[in-house]
Structures are given as C-alpha cells and as structure tokens.
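A.B. asks: Mapping of the sequence shown onto my numbering: residues 2 to 51, in sequence order.
Cβ coordinates follow ideal geometry from the N, Cα and C atoms, glycine included.
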Amino acid sequence: MADHPFMLGTQFHPEFLSRPTRPHPLFKAFIEAACEYAGVTVQPFEMEAI
C-alpha cells in the first residue's frame, strides 16, 4: 500500500523462532522500519558470550 510506511502479512508464527539476542528477520525489519519512521537511531545490540 503506497501510503503506508510498512505493510506485513504472514500466515506463520515467526515469534516461535525469535530469541532476544537472535530476532527473526521479520521482526528485525519491522523494528527497523518503525525506528526509521520515528526518526530514531538504534545502536546494534551485542551480547557477550556466556
């Protein structure tokens, strides 16, 4: 849709494959688009090896 900054449709559950330190690419793209739309700069998250 031309007048929407981010459009998504899915019939699967990517949340089952996401982890706090390894988000599913679908969620990562959604968060990146939301931050860009809001004009927010987000620093990459790096977790130390446990």
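1. Below 6 Å, is the gap between the Cβ of Thr11 and the nearest heavy atom of the ligand HEM?
2. Would you kindly work out how many angstroms separate the C-alpha atoms of His25 and Leu9, rounded to a whole number?
3. Specify, as a first and last residue, the run of the alpha helix (DSSP H) that Phe31 falls within.
4. When the Cα atoms are used, what is the spatial distance from Ala3 to Leu18?
5. For Pro52 and Tyr38, what's the separation of their Cα atoms in angstroms?
C.D. replies: The answer reads as follows:
1. Ligands displayed in this structure: none; no statement on the ligand HEM is therefore possible.
2. 14 Å
3. 26–39
4. 30 Å
5. What the structure shows of the chain is the stretch from 2 to 51, and residue 52 is not part of that stretch, so it cannot be assessed.
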